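First the structure, in the form of structure tokens, and then the observations on it.
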Amino acid sequence: MKNVINNALSPLADELISKRLIAKKDNIIVDHLAFSFPLSQLRHCHKAGFAGYSPKNQPYFPLPPKVENSEGKSLEEIERHALFVKKQLSDFYFRTLKIFVDHVLGFTLSAPRDKGFHGYSNSLTMKSQTGVDVGFIGLGGQRDTAYIQISGLGCKNLFGYTDKFKLHHWLNSVLSISFLSRVDLASDDYDGIFDCDYADKAYRDGAFRTGKGGIMSVFKNASEYTYTKDFQKNFDVEMVTVGKRTSPIYWRIYNKKLEQKIVNEDLNWYRSEVELKKWSVDCLLDVDATFAGINVFSQSMENTQGIRTKSMSPTKEACLELASRVRWFRHAAGRALGDVLELVGGDISKAFGLLLPDEVLGDKLGIPPTYKKLINHALEC
915 MKNVINNALS
925 PLADELISKR
935 LIAKKDNIIV
945 DHLAFSFPLS
955 QLRHCHKAGF
965 AGYSPKNQPY
975 FPLPPKVENS
985 EGKSLEEIER
995 HALFVKKQLS
1005 DFYFRTLKIF
1015 VDHVLGFTLS
1025 APRDKGFHGY
1035 SNSLTMKSQT
1045 GVDVGFIGLG
1055 GQRDTAYIQI
1065 SGLGCKNLFG
1075 YTDKFKLHHW
1085 LNSVLSISFL
1095 SRVDLASDDY
1105 DGIFDCDYAD
1115 KAYRDGAFRT
1125 GKGGIMSVFK
1135 NASEYTYTKD
1145 FQKNFDVEMV
1155 TVGKRTSPIY
1165 WRIYNKKLEQ
1175 KIVNEDLNWY
1185 RSEVELKKWS
1195 VDCLLDVDAT
1205 FAGINVFSQS
1215 MENTQGIRTK
1225 SMSPTKEACL
1235 ELASRVRWFR
1245 HAAGRALGDV
1255 LELVGGDISK
1265 AFGLLLPDEV
1275 LGDKLGIPPT
1285 YKKLINHALE
1295 C
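In terms of this note's numbering, the sequence shown opens at residue 915 and continues consecutively.
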């Protein structure tokens, strides 16, 4: 069966799109975006859908390389063929990634920096069309993944080039991304209403809770100031935070005018910024409704009915990780495992005892040492 892109949207996505069609506002700013995906998902890019073209004759993305069968070859030929296929795929993924960054995100890529990034073995810098750094890409990891991180300036360039609906299609339908690693949403206030004092009062009223009951997130006043002669605060930094940087939801409310060192007595500029981790990719379909749906505090700033989007729970993250590994194993070694099971009469313990190293198994699934020694001897002959 041919791999096809799943264009079906989740119920949350349908709800967000319906609201988006009724009132398009774009009050909320996307100020940071990060997501990851297996490099193997890039093989679907040529099937993303291009008007007037079929997947095979579209002019943008290369087609995946055809891998020849290695049956009947000697062990040396198989190893040589495996290295050749690995290089073919590596070249294909890099070429496709470069086109994805250019065609979908509107950025250019630097040469590999030969330097790690967020635990990834290598990295590249993304630049805007004018040559300004707008983010990084990490490559490698434990399972050959790509991690793309786009800065606030990068997001401004990104959504000047494309729109959030198209980006959602590429991330969700083409690359099968369900959750963003991180997305920062921000609301700017130029009237001095939603300032740090307002956030303090809202916190005391429980407006930062994301549901009924539960533990209150920690509140911190991170302001820096001196006192004038008449005991008025003279701020160097005016900022409060709610939550911790490691939390799924982390708020920062601060005086943006001070941060930007703008000297203008008539200007008020406060920003309420929320950092969302492991958050549903569907939030891109209506960031205004997503922002308003986080809690009462965010709803008070938006003249739109919020829709509750969620972060990924640790349980769900573990389940998705397991499902991903199972899918990979079925594709890579499913038939071989079936052959091994047949050889040992369907005994799963014996099969795993043969396949996995002793340091992984311990005494949990091992097979008798004598039996294993005989098989290993037979395999070496």
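Even glycine gets a Cβ: it sits at the ideal position worked out from N, Cα and C.
Fair warning: this is a prediction, and the values are worked out from it, not measured in the lab.
Taken through DSSP and simplified to helix, strand or coil, N1071 comes out as helix. Annotation note: the stretch 1154–1178 contains the following uninterrupted alpha helix (DSSP H) runs of length 4 or greater, listed N- to C-terminal: 1170–1173. In the DSSP assignment, I943 forms a beta bridge with A1100. I1051 and E991 have their C-alpha atoms roughly 35 Å apart.
Exposed is the label assigned to I1262, since fewer than 16 other Cβ atoms lie within 10 Å of its Cβ. H1032 counts as exposed, since fewer than 16 other beta carbons sit within 10 angstroms of its beta carbon.
Taken through DSSP and simplified to helix, strand or coil, N1086 comes out as helix. Secondary structure of M1130 (DSSP, three-state): coil.
Beyond the five residues adjoining it in sequence on each side, E1189 comes within less than 7 Å, by CB distance, of R1096, D1098 and Y1164 in the same chain, given in chain order.
Nearest to I1107 by C-alpha distance, out of Q955, S1214, H995 and L1257, is S1214. The three-state secondary structure of V981, taken from DSSP, is coil. Assignment of L1198 by DSSP, reduced to helix, strand and coil, places it in the helix class. Under the three-state reduction of DSSP, I1013 is assigned to helix.
Under the criterion of beta carbons closer than 8 Å, M1153 and I1167 qualify as touching, at roughly 7 Å. The C-beta distance from I1091 to F975 rounds to 17 Å, too long to fall under 8 Å, and the pair is not in contact.
One Cα belongs to R1185, the other to L977, and the distance between them is close to 45 Å. Closest in C-alpha terms to H958, from the list A948, G966 and Q972, comes Q972. With the rule of 3 Cβ pairs closer than 8 Å, the stretch 988–1003 does not count as touching the stretch 1021–1031.
Around the Cβ of Y1117, a 10 Å sphere holds 16 or more other Cβ atoms; the residue is buried. With fewer than 16 other beta carbons inside 10 angstroms of its own, Y967 counts as exposed. By the neighbour-count criterion, in which 16 or more other beta carbons inside 10 Å mark a residue as buried, S1024 falls on the exposed side.
A1265 has its alpha-carbon roughly 45 Å from the corresponding atom of V1018.
Out of R1123, V1015, K970 and N1071, the CA that lies nearest to the CA of T1044 is found in N1071. Assigned with DSSP and collapsed to three states, D1047 falls in strand.
Between G1049 and S1035, the C-beta gap is not smaller than 7 Å, which leaves the two residues out of contact. For V1151, the enclosing beta strand (DSSP E) has its first and last residue at K1147 to V1151. Residue burial annotation: Y1139 is exposed, with fewer than 16 other C-beta atoms found within 10 angstroms of its C-beta.
For Y1061, the enclosing beta strand (DSSP E) has its first and last residue at T1059 to I1064.
Distance from the CA atom of I1129 to the CA atom of D1200, rounded to whole angstroms, is 28 Å.
Between the beta-carbon of C1069 and that of L1198 there is about 11 Å, and that puts the pair past the 8 Å contact cut. Shown here, F1008 sits in a helix according to DSSP, grouped into three states. Distance from E1216 to N941 at the Cβ level is roughly 7 Å; contact confirmed, criterion being Cβ atoms closer than 8 Å. Residue D1202 holds the alpha-carbon nearest to the alpha-carbon of D1102 among K987, A962, V1258 and D1202. Taking every protein chain shown into account, the CB of Y1141 has fewer than 16 other CB atoms within 10 angstroms, so this residue is exposed.
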